[in-house]
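> After the structure tokens below, expect a handful of questions from me.
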Amino acid sequence: YYGSVDATPLFLAAAAEYFDWTGDRACIAALWPALEAAAGWCLRELERYGGVIAYARESAAGLENQGWKDSHDAIRWPDGRLAEPPIALVEVQAYALAGLRAFARLAALRGEPAAEAEAAAERLAAIIEERFGDDSLGYALCLERARMPVPTPASNAGHLLWLGEPQPARAAAFADRAFQSDLFSGWGVRTLASSVAGYNPLGYHTGSVWPHDNAILLAGLRRQGFDDLARALGDAFIEAALAFPAGRIPELYCGDPRELRLVPTPYPVASRPQAWSAASLPFVLTTLLGIRPAGPKALAITRPVLPAMVEWVRLRNLRFGGAAIDLAFRRGAAGVAVEVEGVRGEAAVVLTDRWPR
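With the first letter of the sequence shown counted as 1, position 169 gets the number 310 in this note's numbering; the numbers rise by one all the way through.
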């Protein structure tokens, strides 16, 4: 998809995530030429735009916005003005940071050089804090013309909590801001705050709620230690999902406040099914349960949380490396208890208070 500025760094992050779960070196070897090309693209784009990855369409037929919020009016100032290109989205910088670090880690496994990627990742981590940091929002939505921060309250910085390395105070500022009433609808975090000029609860990316966006934001909250907020968002997410026929989560739904209706207002032409919306429910549950790889043969369970309406969960044949694991989670007076009911193959299940990096 040539209208996407973020697919390339996400490909790098996804390759490392796949390897962490499977240990499949043969797949990484087969993908290596593509992974090298993706890392090279990231490095060139960072150099092209002064240390950030940005976009500006080069054809009148191209998309004006090339992040996941790709409608023409998605990226705007608080007063409603549209941001001017080149636009450097905050979440794309997080993807690039994670992607370059993932590439360096995979390169080390293969004995390949990756000093340039490692150095670029360190420079980018500093730039994110210097140019995007915002005391009230946590992080700006984007840089206009690749240099001017746009301080618009939106969901984008939640992706930075998921894949980036935010300063704790700024992560806390974003977490607090995301749950204020102009961003949190009661059914999820809106794409754009209702306090922004141009907000529309029926807008595609200007006030609607997207399940995949909220699933990623929830993962960011868990990774940064905001478990109570993650639980609140998970409860809202699951309640919204169950309100749709057959539990089929749509591409998006409207950002109307929850007190207006007993169920989320459907978006009239939302895709049902859609892959990333369908994937968001198991991702939310796995994230709440705290299940993450922590090493080649170690599966971590970190501070497990159960949704309010769920008393127990059993997982069967959870595949990790070459092993299959059975787990049970039950709510108790002291919190959520975990029982390892079976391990087939070589793997250790480790309980931890720290989210694996």
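Using N, Cα and C, we set each Cβ at its ideal position, and we do this for glycine too.
Start and end of the alpha helix (DSSP H) containing residue 231?
It spans 231–251 - the alpha helix (DSSP H) in which residue 231 sits, taken as one unbroken run.
> Is it a yes or a no for the region 181–195 touching the region 460–472, going by three-plus beta-carbon pairs under 8 Å?
With a cut-off of 8 Å, the region 460–472 and the region 181–195 do not count as touching, because too few Cβ pairs lie within range.
> Measure the alpha-carbon distance for residue 214 versus residue 268 and round it to whole angstroms.
Their Cα atoms are separated by approximately 26 Å.
> Three Cβ pairs or more, each shorter than 8 Å: is that satisfied between the region 362–376 and the region 403–421?
Contact fails: fewer than three Cβ-Cβ distances are below 8 Å.
> So residue 330 packs on residue 296, CB below 8 Å; how close in whole Å?
Right, the Cβ-Cβ distance comes to about 5 Å (below 8 Å), so this counts as a contact.
> Under the rule that 16 or more other beta-carbon atoms within 10 Å means buried, what is residue 494, buried or exposed?
Residue 494 should be labelled exposed.
> Along the chain, where does the alpha helix (DSSP H) that runs through residue 425 open and close?
From DSSP, the alpha helix (DSSP H) with residue 425 extends over 416–430.
> Residue 498 to residue 369, Cα distance in whole Å?
Their backbone Cα atoms lie some 20 Å apart in a straight line.
> At which residues does the alpha helix (DSSP H) containing residue 283 begin and terminate?
Careful: residue 283 lies outside any alpha helix (DSSP H), inside the beta strand (DSSP E) at 283–285.
> Rounded to the nearest angstrom, how far is the Cβ of residue 379 from that of residue 352, given a contact under 8 Å?
Rounded, the Cβ-Cβ distance is 11 Å, inconsistent with contact.
> Quick check: the Cα distance between residue 205 and residue 475, rounded to an integer number of angstroms?
Cα-Cα distance, rounded: 51 Å.
> With DSSP collapsed to three states, give me the class of residue 441.
Note: residue 441 maps to strand in three-state DSSP.
> For residue 305 and residue 238, which I take to be in contact (beta-carbon distance under 8 Å), what is that distance rounded to the nearest angstrom?
The Cβ separation is near 6 Å, so the contact holds.
> Less than 8 Å between C-beta atoms, sequence neighbours within five positions excluded: which residues of the same chain meet that for residue 327?
So the list reads 377, 398, 399 and 400, once near-sequence residues are dropped.
> Which stretch, first to last residue, makes up the alpha helix (DSSP H) that contains residue 455?
Note, residue 455: premise wrong, no alpha helix (DSSP H); beta strand (DSSP E) at 453–461.
> Give the single residue among 173, 419 and 286 whose Cα lies nearest to the Cα of residue 383.
Nearest C-alpha to residue 383: 419.
> Beta carbon of residue 461, beta carbon of residue 162: below 8 Å?
Their beta carbons are under 8 Å apart, which means residue 461 touches residue 162 by this criterion.
> Per DSSP, what kind of secondary structure is residue 377 in: helix, strand or coil?
DSSP places residue 377 in helix when its eight states are reduced to three.
> Tell me whether residue 311 is buried or exposed, calling it buried when 16 or more other Cβ atoms sit within 10 Å of its Cβ.
The residue is buried, with at least 16 neighbouring Cβ atoms inside 10 Å.
> According to DSSP, is residue 482 part of a helix, a strand, or is it coil?
The answer is strand: DSSP assigns residue 482 an E or B state.
> Would you report the Cα separation of residue 484 and residue 257, rounded to the nearest angstrom?
Answer to the nearest angstrom: the Cα atoms are 40 Å apart.
> Classify residue 146: buried if its beta carbon has 16 or more other beta carbons within 10 angstroms, exposed otherwise.
Burial call: buried.
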